[in-house]
Amino acid sequence: MNSTTVRPAKDLPELREMITTIAAKQGPIKLGQRSYAVLIALVNNPDTAAHSSINQLATNLDVSASTLTRLATRLGYSGFNALQNIFRQHLSEPHFYSERAHQSQDQDTDLLVQVAQEEMVNIQQMMSQVSTDQWQQALALLQNARHVRTFAQRQFYSTATFFSYCLGLLRDGVSVLGDSGHGVPHGLAQLNQQDLLIVFGSHPYSRIAVDCCRQAKDMGIPTMVFTDTHGAPLSNDASCLFTIPTSGSFFSNSTAAWVVLIEAILTAYARRLGPEAIQTLEHREQVFEQMQVAYT
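By the numbering used here, the letter at position 108 of the sequence shown is numbered 861, and the numbering carries on one by one without gaps.
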């Protein structure tokens, strides 16, 4: 691939988006399986990619230095040093949230319209990335799991609790991992291959979320992961993976596309359950009524 035919990613988030495009076999960049795996490894370990020499990286990745150079040029860079500068730049960047807030200060537009349009673009992109196989796999995992645990940190903790609450309206055995205060390892140790762990997370990734996915895979626990790109560290250990864009003017990750996907999956699951879902919902409603949950 000639470097003049490809616009190289200007930063690590753009490089992650490029990986999603490559994985979807869209755009001008075509990578072989080995080159794609090398790119994923670099993106998942930006510290190592930034500070190691090309020969050190080649040895660690079991490829030649020339392979790394060719990968860089196929991504549109003048050479490997230019690609490596993306990782070095990332390590010296300002904090994620303040940088996004700063960028939005320069835009003099109707923010309601702008944010709404950005979210519609995110939703359309998300829809284009969800395959029938992914959809059916997600529903099968939800239906076959003995227990379901959701997990996320920081911003996406609210997403985990939202998913847990709505799924818990349809079936038993659902909760947020570690919510009892006993800790994530304690909760994870109680799961096995018959259960399901659902993890949510986007850049900047929480270390404990990445470690949780890795440990679940080691234990043979199926994992459904919602993250921003195929290059995300959370994606490595996923049994079922959904990638959802988070770009926009909001100073944190934009999540409208995430909510749309979650609502669609849960609605499809309720329909798959059929009369069983109705009976469970009616039972929940009966308890709510008896305890006068709703204000009247």
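For each residue, glycine too, the CB sits at the ideal point set by N, CA and C. All values reported here derive from a predicted model rather than from experimental measurement.
Distance from the CA atom of P998 to the CA atom of H1036, rounded to whole angstroms, is 37 angstroms. Under the DSSP assignment, F904 falls in the beta strand (DSSP E) whose first and last residues are V901 to F904. Distance from the CA of Q878 to the CA of L892, rounded to the nearest whole angstrom, comes to 21 angstroms. Excluding residues up to 5 positions away in sequence, R899, H900 and V901 lie with their Cβ nearer than 7 angstroms to the Cβ of G926 in the same chain.
Taking 4 residues as the shortest admissible run, the region 759-784 contains the following complete alpha helix (DSSP H) segments, listed from N- to C-terminal end: 765-776.
For S928, the enclosing beta strand (DSSP E) has its first and last residue at V927 to V929. Taking 3 residues as the shortest admissible run, the region 872-912 contains the following complete beta strand (DSSP E) segments, listed from N- to C-terminal end: 901-904. For the 8 angstroms CB-CB criterion, V963 and P986 form a contact. Restricting attention to beta strand (DSSP E) runs no shorter than 3 residues, the region 959-1028 encloses them at 976-980 and 993-996, ordered along the chain.
Out of Q896, N945, L828 and T1033, the CA that lies nearest to the CA of G780 is found in L828. In the DSSP assignment, I951 is bridged to T903 and M977.
Annotated three-state conformation of V868 is helix, per DSSP. Per DSSP, L821 is one residue of the alpha helix (DSSP H) stretching across A818 to R827.
Taking a contact to require three or more Cβ pairs closer than 8 angstroms, the region 1010-1024 and the region 916-923 qualify as touching. Residues G780 of the same chain have their beta carbon placed closer than 7 angstroms to that of T774, with the five preceding and five following residues left out of the count. In this structure, G954 keeps its C-beta atom at 8 angstroms or more from the C-beta atom of E871.
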